[in-house]
Each structure stands twice: as structure tokens, then as C-alpha cells.
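**Q** 0 is the number of the first residue of the sequence shown in numbering that gives the first Met the number 0; add one for each residue after it.
Note that the Cβ used here is the ideal one computed from N, Cα and C, for glycine as well.
After the C-alpha cells below, expect a handful of questions from me.
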Amino acid sequence: MRIEATQRIPAPRRAVYGYLVDPDTWIYWMAGIIDISRSEHTTWTQPGDRIAVGYRLLGRRIEAQVELDEIQPAQYVKLHATTPVGTVAEEWFLSDAGETSTSLRTVYETDEPTNFFGKIIDRTVIPRAIERDFKATMGNLEQIFAMGIPD
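Spelled out as C-alpha cells, the structure:
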């Protein structure tokens, strides 16, 4: 399954990028994330860096490892999240959309798992849940940036 969306954000590209790559902000805009396990020594600045997150999927808490695969500051971020039900790959493409606006194109890709906590499920259930969270995430970003980048 592949889903993508493009959104215009009323803020300069470097500021948008800084907000998106800061794991301390993820709980505010990434739908489904309920906690982030991070110590003062954890970084998320170069390929291979990992952060553990708690994620709510279909009413259950699951653990995910978010790993940074590629990063081009203020232009491109590629990551993947490994969960007990599979892997979700994400790409964020940032470009200028005027002097004070940013175009953010986000792509999610995942396989259609058929097993959830040992139970056989319809292969469309988890992709629909991920798509719902993807749309909620994009809506969260729209609302956050409409008010200006939080401090």
C-alpha cells in the first residue's frame, strides 16, 4: 500500500524542517504516537539513528522503532518504523512554495499484514488504520502551522 499527500505550510522551509525532525514534537502531530522513549543521549540527526515510540494501532499499544535512513537538511527525510505487524516507510519532501511557505509532500508505504497479535485479520484492516492516521497527521500539521510554529 502506498499513500501520499502534498500540503502547503505557511512557514519557511527550514523552520518546518526543524519542527518535523525534532522527535520531541512528534507526539503533537503524528497521529497514533502516544509516547517517545528518549534519553538525553539519543539523537536523530544521521542515518542509523533510532528512537523507540509507543503507537496506538486498532486500540492496542505497540512498540515501534523509528530509524532514520536518509536525510538532506531542509529538503528530504527518509525513515522507517518497524512494528510487530510490519514496517512502514516514510519519505518527507520539502520545497519552497514562495518566500514564506513550504510544500511538504509525504509518502507512506507498507505491506498489508494479515496477522495482528496472533489473530488472522482482513489484509485491508491495518492499511486502512494507517491511512486514517496519515490523514489525521496531515490535518494536525495543517492546524499547528496555521497557528504558527510552536516554541
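Alpha carbon to alpha carbon, how far is residue 53 from residue 129?
**A** Distance between the alpha carbons of residue 53 and residue 129 is about 15 Å.
**Q** Ordered along the chain, which non-local residues of its own chain (more than five positions away) have a Cβ less than 8 Å from that of residue 62?
**A** Excluding residues within five positions, the ones whose Cβ falls inside 8 Å are 51, 52, 53, 54, 82, 83.
**Q** Which of the three DSSP states is assigned to residue 6 in this structure?
**A** It is a strand residue.
**Q** Relative to the alpha-carbon of residue 65, which residue among 88, 73, 72 has its alpha-carbon at the smallest distance?
**A** Residue 88 is the option with its Cα nearest to residue 65.
**Q** Going by alpha carbons, who is nearest to residue 200 out of 2, 140, 14?
**A** Here the chain comprises residues numbered 0 to 150, so residue 200 is not present and cannot be evaluated.
**Q** What three-state label does DSSP hand residue 69 in the structure shown?
**A** Correct three-state label for residue 69: strand.
**Q** With which residues is residue 79 paired in a DSSP beta bridge?
**A** 66, 88, per the DSSP bridge assignment.
**Q** Report yes if the CB atom of residue 126 is closer than 7 Å to the CB atom of residue 0, and no otherwise.
**A** Yes, Cβ-Cβ distance for residue 126 and residue 0 is below 7 Å.
**Q** Does the segment 20 to 27 come within contact of the segment 99 to 108, defined as at least 3 CB pairs closer than 8 Å?
**A** Cβ pair count under 8 Å is below three, so no.
**Q** Would you mind giving the Cβ-Cβ distance between residue 138 and residue 109, rounded to the nearest angstrom? I have them listed as a contact below 8 Å.
**A** Contact flag wrong, Cβ pair sits at about 20 Å.
**Q** Got a sec? Which residues, its chain only, sit under 7 Å from residue 78 by beta carbon, not counting five neighbours each side?
**A** Cβ within range, chain order: 65, 66, 67, 68, 89.
**Q** Spatial neighbours of residue 133 within its chain, please: CB distance less than 6 Å, with the 5 preceding and 5 following residues excluded, ordered by chain position.
**A** So the list reads 2, 107, once near-sequence residues are dropped.
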